[in-house]
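The structure appears below as structure tokens.
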DNA sequence: ATAGGATGTCGAAGCGCTTCGACAGCTTTC
DNA sequence: GAAAGCTGTCGAAGCGCTTCGACATCCTAT
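Below is the structure:
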């Protein structure tokens, strides 16, 4: 293993000079810099991470805590994780992957050991037990998702309230007056992961403003659960012509069931989904949808975090504006309804 | 930040004694151990990761390199990643998440800097450019997936050849004589990711042994591509009654298309999938399938790696035996065929 | 009674790096 | 032409831990 000292000797300078070449924290003459860089290349030198962390008390590592649970739509998590890793690298950071399994202990461990300089938490619950720890430490952190109380925290998330509003608006504009919302599994609501509630909030308030009737039903996803849910909805509100779906595993079943019942999309009923673009594009009908901007969320989170690590940037809540892409699953409400 | 020295002082012992309590590398009297442990708890001490890494030249970190590309089925990757992280923790290791983006450079960087003690590589190509580097270093590594030449490497993967054989066997046993294989996207074959070829190999050789006719067609996935592929297959081999699908995004489209054409599953045609159990269970017909044992692969990989780090265990190829779960998508071939 | 072996603890030497203060050799300034 | 300021480089201290050899102590076997 090549060390700094060996590079210094090879280049005929002192160790500190090599260090300054590497960090750029003091000016070095061009000629010396080049000699040092040459030696580094020739010897294939890589600074030792441990020594560096010890001496500088910076590990250049960002911890990313992903949920262990897999009832959330997994590809989104993965996409965020990859965006985080990629963006972190462009800022000189590596990413440590923590699962939610350890819970708050992981926060303590990572903070206490100086393993990471900062943390990103995914899948934050409204009243997450890790939050007090984060507030109590001076280690920067960013949440992906929104807890109930955001004071003293930096959060990044899609603006789900605006998302809900946008979906209703789109359907209302097309003349739909009876809209059903197919939501996440009941467990998601019970767990108080805020996004589902915020979406509903946006849906409801905008629906009221626009004078649209709204019926919300959580759904486990899968064919059987969807069949039951749909039957109940149509029983209760036979005039339903618009659907908003916020549950990836209910999308395809819903389309199949509608087809099976002879209800054409978008001629008879319209469907708007809140889901990753990939799902919207690969469905049997190309779905009008609001995308979950996974990459953007990951990127934003890292950038906020790096800003904090550099002493720039304060606590703030970044809500990404939703964008509705109109595709083939929505159209004017059939005449004669409501 | 609490240090070892402070713990030592608090407990009235020397620093080295505390260190030995922590590592267990020398025997410590019960009374001393307890005093030290008490102090550790009271002070909330966490050993500094950097200092530890520097002094012991072990970082207790395993690097996991995941593919950047997302044309593979993402949930499987995620499940493996989580299994790796979870298993690693039970052995006292943390996991560093690297994306394939940096390619071989990441291997050099991590190896050179001592950031990680070992590596796990996912999505290995047959002739992966990272392999020479791995062979040339003394840092332990495990591949998830099988390259062309495995000498000097440790690999973990599903036995895809046996998987292919198993699928054919099952269909043949049920009396199917004309089987179509719907494979991954052409790009996957072109990239020479071995698993697709190995499955095909198993399918073909067993089909020949059993006197079954086999037709293989790659497929991009999605409805449109599947429609084209299916039409071609039925045109070329109208008597096809069995399907083997190795492409998650083709499964549901295939079922929908068959239904649409009035071919009942499993009465008229049988379908076997090679996919994660979750996909098989959530499909519109519960699919007979061979599961991709993501968790098991992640776990095995870490365990092999830890064995190597402990000086136990040598290079070897671990092929996980496939298991076929019979569900509702396969049945006896309709009489009068072939 | 005493040599020899366990057993438990300590001191000190690094691990490879960053960073601070010092300083030699320049250039600028009046 | 001397004071003052820059620039570029160096030496040394120290980050918090592991680990090796040394050394008491106590036990066991002669």
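Chains as they are written, first to last, in full-length UniProt numbering: chain A, 1 to 338; chain B, 1 to 338. Idealized CB from N, CA, C, for every residue including glycine.
If contacts are defined as beta-carbon pairs under 8 Å, then residue 39/B and residue 74/B qualify, I think. What distance do you get, rounded to the angstrom? Actually they do not touch by this definition, with Cβ atoms about 46 Å apart.
The beta strand (DSSP E) that contains residue 178/B, what's its start and end? 178-183
(Q) Using a 10 Å radius around the Cβ and a threshold of 16 neighbouring Cβ atoms, would you call residue 338/B buried or exposed? (A) With a pLDDT of only 47 at residue 338/B, under 50, the local geometry of the prediction cannot be trusted, and the value read off the model is given with reservation. Classification for residue 338/B: exposed.
- Residues of the UniProt domain "HTH lacI-type" (2-56) of chain B whose Cβ lies closer than 9 Å to any Cβ of chain A, in chain order: 2, 44, 45, 46, 47, 48, 49, 50, 51, 52, 53, 54, 55, 56
Whole-angstrom Cβ separation of residue 236/A and residue 215/A, contact assumed at under 8 Å?
7 Å
Report task. Please list, in chain order, all residues of the same chain as residue 94/B whose beta carbon is under 6 Å from its beta carbon, the five residues on each side excluded. Result -> 61
Problem set entry | Backbone CA spacing between residue 177/A and residue 259/A [nearest angstrom] | 21 Å
Notebook entry, point to check: To which residues of the same chain is residue 295/B closer than 7 Å at the C-beta, ignoring the five residues directly before and after it?
Noted result: 79, 83
ask   = Quick one: complete alpha helix (DSSP H) runs, 4+ long, within the UniProt domain "HTH lacI-type" (2-56) of chain A?
value = 4-11, 15-23, 30-43, 49-56
Next on the checklist: Bridge partners for residue 216/B per DSSP, in chain order?
Outcome noted: 181/B
Mapping DSSP to helix, strand and coil, what is residue 94/A? strand
### Message
Our contact map puts residue 188/B next to residue 196/B with C-beta atoms below 8 Å; I'd like the distance itself, whole angstroms only.
### Response
5 Å
_Could you check whether the Cβ of residue 92/A sits closer than 9 Å to any Cβ belonging to chain B?_
no
| message | Let's test the definition: count the other Cβ atoms within 10 Å of the Cβ of residue 1/A and tell me whether it reaches 16, buried, or not, exposed. | response | exposed
- alpha helix (DSSP H) containing residue 167/A: first to last residue? 160-173
Cα-Cα, which of 89/B, 113/B, 123/B is closest to residue 109/A? 89/B
Check: Can you list, in chain order, the residues of the stretch 224-256 of chain B whose Cβ is nearer than 8 Å to any Cβ on chain A?
Finding: 249, 252, 253, 256
Checklist entry - Terminal residues of the continuous beta strand (DSSP E) containing residue 126/A? => result It is not in any beta strand (DSSP E) - residue 126/A carries neither H nor E in the DSSP assignment.
* Asked: Between 103/B, 206/B, 36/B, 30/B, which lies nearest to residue 9/B when the distance is taken from Cα to Cα?
  -> 36/B
To the nearest angstrom, how far is it from the Cα of residue 13/A to the Cα of residue 52/A? 20 Å
Subject >> Residues that residue 102/B contacts on chain A, provided the C-beta gap is smaller than 8 Å >> reply: 89
Determine, for residue 79/B, whether the minimum Cβ-Cβ distance to residues of chain A falls below 9 Å.
yes
- Item | Contact list for residue 113/A against chain B, beta-carbon separation under 7 Å | 46, 47, 48, 49
Is the Cβ-Cβ distance between residue 351/B and residue 118/A less than 9 Å?
-> Chain B is shown from 1 up to 338; residue 351/B falls before or after that span and cannot be answered.
Q) Taking 9 Å as the CB-CB cut-off, is residue 122/A touching chain B? A) no
Exercise. Taking 9 Å as the CB-CB limit, is residue 144/B close to chain A?
Worked result: no
Worksheet item: Since residue 127/A contacts residue 147/A with CB under 8 Å, what's their CB separation in whole angstroms?
Response: 7 Å
Which value, in whole angstroms, describes the spacing of the CA atoms of residue 248/A and residue 261/B? 26 Å
* Distance between residue 279/A and residue 246/A (C-alpha atoms, nearest Å) -> 12 Å
**Asked** How long is the line joining the alpha carbons of residue 299/A and residue 107/B, rounded to whole angstroms?
**Response** 24 Å
- Drop a sphere of 10 angstroms on the beta-carbon of residue 139/A, count the other beta-carbons inside from all chains shown, and report buried for 16 or more, exposed for fewer. buried
Could you name the residues of chain B that residue 154/A contacts, counting a contact when the two beta carbons are closer than 9 Å?
Here the premise fails: no neighbours, minimum Cβ distance about 21 Å.
Per-residue DSSP class, three states only, for residue 82/B
helix
Are residue 143/B and residue 151/B touching if we call contact CB-CB under 9 Å?
no
message = With distance defined between alpha-carbon atoms, name the residue in 221/A, 44/A, 24/A, 4/A nearest to residue 15/A.
response = 4/A
| request: Just the C-alpha distance for residue 112/A and residue 243/A, rounded to the nearest angstrom, thanks. | output: 48 Å
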